[in-house]
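Participant: The structure's right below; bear with me while I get my questions together.
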Amino acid sequence: MSLRQVTANGIDINVAVRGTGPAILLLHGFPHTWELWTEVIPALVRDHRVIAPDLRGLGATSRPVDGYDAATLATDAEALLDALGEPTATVVGIDLGSPAAFLLALRHPTRVRRLVLMEGLLGTLPGAEDFLAAGPPWWFGFHSVPGFAETVLAGNEFEYIDWFLTAGTRGRGLTPQIRDRFLAAYTGRDALRGAFAHYRALPTTGQEIAKAVAGARLTVPTMAIGAHPVGNALANQLRPITDELTEHLIDDCGHIIPLDRPDALISLLISDEVRR
């Protein structure tokens, strides 16, 4: 991959770019970097120009004070496509990247040829009640208190981040190389602040999504992919507001789909549904 720093929407975005052809933009989540997509990129570059950025505040991208809501992240993505000379792209989002990808497609459907969303939730839209029956995942509240989680975790980042990487692969874990790079990316108080800022912006993201769907439908052909633990909650949220939705559940797969079951994900991403 060719790594570069691209200035877009007022920040410096670290982005991996490889291949030629129609663009495919890959938006990761927590606690990942662009290297979340390492196992699927070789298959995608056969027919696409792959664009895999570190999200705002994460990895080697700038860590500004604010702008961690999904609407701003969507603007970051659109500005990155502009900077790279790509008028349209297939957009793939997972976890924190899903709401941003969704808002980009909803607000600017001419920029998104197809949309793929995985293992994330779209604010408080109906459909995720079963998933949230016992309340949001415990770390949402922990991460949301300004300044608290990064103070508590400083010096213990390895154990904390590795818990998510292990749980997100249903105990199978990641290769030592990728695991160590993710751990390094989330080490240090400022790196943790950049990560947790996304959670502190979730109330704003929820308001943005609710307002956006009140006056529009998602017209872009969309694929929802679930695994463990989100399952079909995302598809349930999308179904009432999406004109063309394809749904998939990947068996025996953890939250970190691109590294836990890359074979299954590649099969879906290069299917005729996405290539059209």
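In this note's numbering, the protein residues as written are 56 to 331. Note that the Cβ used here is the ideal one computed from N, Cα and C, for glycine as well.
Between Ala282 and the rest of its own chain, which residues show a CB-CB distance below 8 Å, the 5 nearest in sequence each way excluded?
Facilitator: Met173, Glu174, Leu304, Ile305, Cys308, Gly309, His310, Ile312, Asp315 and Arg316
Participant: What did DSSP end up calling Pro11 once you bin it into helix, strand or coil?
Facilitator: The requested residue 11 is not part of the displayed model; the chain covers only 56 to 331.
Participant: Taking the alpha-carbon positions, what's the Trp193 to Ala209 distance?
Facilitator: 19 Å
Participant: Hey, Ala78 and Glu141: beta-carbon distance below 7 Å or not?
Facilitator: It is a contact, given that the beta carbons lie within the stated cut-off.
Participant: What are the uninterrupted segments assigned as beta strand (DSSP E) that are 3 or more residues long and contained completely in the segment 155 to 189, given in chain order?
Facilitator: Secondary structure remark: continuous beta strand (DSSP E) runs of at least 3 residues inside the segment 155 to 189, in chain order: 167 to 173.
Participant: Give the DSSP-derived three-state secondary structure of Thr297 in the structure shown.
Facilitator: Strand at Thr297.
Participant: List the DSSP bridge partners of His303.
Facilitator: Ile280
Participant: Got a sec, what are the start and stop residues for the beta strand (DSSP E) Val146 sits in?
Facilitator: Going by DSSP, Val146 is part of the beta strand (DSSP E) stretching over Ala144 to Ile149.
Participant: On a CA-only basis, which of Thr206, Pro276, Met278 and Asp137 is nearest Thr62? Give me that one, please.
Facilitator: Asp137
Participant: Cβ of Asp298 versus every heavy atom of the ligand GDP: is any distance shorter than 6 Å?
Facilitator: For the ligand GDP, the structure offers nothing, since it holds no ligand at all.
Participant: Going by DSSP, what residues sit across from Asn69 in a beta bridge?
Facilitator: Gln60
Participant: Start and end of the beta strand (DSSP E) containing Ile79?
Facilitator: Ala78 to Leu82
Participant: Does DSSP classify Pro231 as helix, strand or coil?
Facilitator: helix
Participant: Less than 8 Å between the CB atoms is what I'm expecting for Gly178 and Leu82, so what's the real figure, rounded?
Facilitator: About 16 Å; that fails the 8 Å criterion.
Participant: Around the Cβ of Thr230, are there at least 16 other Cβ atoms within 10 angstroms (buried) or fewer (exposed)?
Facilitator: With fewer than 16 Cβ atoms within 10 Å of its Cβ, Thr230 is classed as exposed.
Participant: Starting from Ile106, follow the beta strand (DSSP E) in both directions and report where the run begins and ends.
Facilitator: Arg104 to Pro108
Participant: Three Cβ pairs or more, each shorter than 8 Å: is that satisfied between the segment 88 to 97 and the segment 117 to 129?
Facilitator: Between the segment 88 to 97 and the segment 117 to 129 there are fewer than three C-beta pairs closer than 8 Å, too few to call the two in contact.
Participant: Please say whether Ile233 and Val95 have beta carbons closer to each other than 7 Å?
Facilitator: no
Participant: Bridge partners of Leu139, per DSSP?
Facilitator: For Leu139, which the question treats as bridged, DSSP gives no partner whatsoever.
Participant: How about the segment 148 to 164 and the segment 124 to 132: do they share at least three Cβ pairs that are nearer than 8 Å?
Facilitator: Yes: the two stretches touch, three or more of their Cβ pairs being nearer than 8 Å.
Participant: Among residues of its own chain, excluding the 5 on either side of Leu110, which ones have a beta-carbon nearer than 7 Å to its beta-carbon?
Facilitator: Leu82, His83, Thr116, Leu128, Leu151 and Gly152
Participant: Just verifying my parser: in three-state terms, what is the DSSP assignment at Leu113?
Facilitator: coil
Participant: Please classify Ile321: does DSSP put it in a helix, a strand, or coil?
Facilitator: helix
Participant: Would you kindly report the start and end of the unbroken alpha helix (DSSP H) that includes Pro97?
Facilitator: Ile96 to Leu99
Participant: Can you list, in chain order, the residues of its chain with a C-beta nearer than 6 Å to that of Val275? Leave out the 5 residues immediately preceding and following it.
Facilitator: Ala160, Pro164, Val167 and Leu170
Participant: Among Gly112, Thr301 and Arg73, whose alpha-carbon lies nearest the alpha-carbon of Val105?
Facilitator: Arg73
Participant: Within 10 Å of its beta-carbon, does Gly190 have 16 or more other beta-carbons around it, so buried, or fewer, so exposed?
Facilitator: exposed
Participant: Rounded to the nearest angstrom, what separates Thr75 and Asp102 at their Cα positions?
Facilitator: Between the alpha carbons of Thr75 and Asp102 lies a distance of about 7 Å.
Participant: Looking at Ala267: is its Cβ nearer than 7 Å to the Cβ of Ala279?
Facilitator: No; because the gap between Cβ atoms is not below 7 Å, this pair is not in contact.
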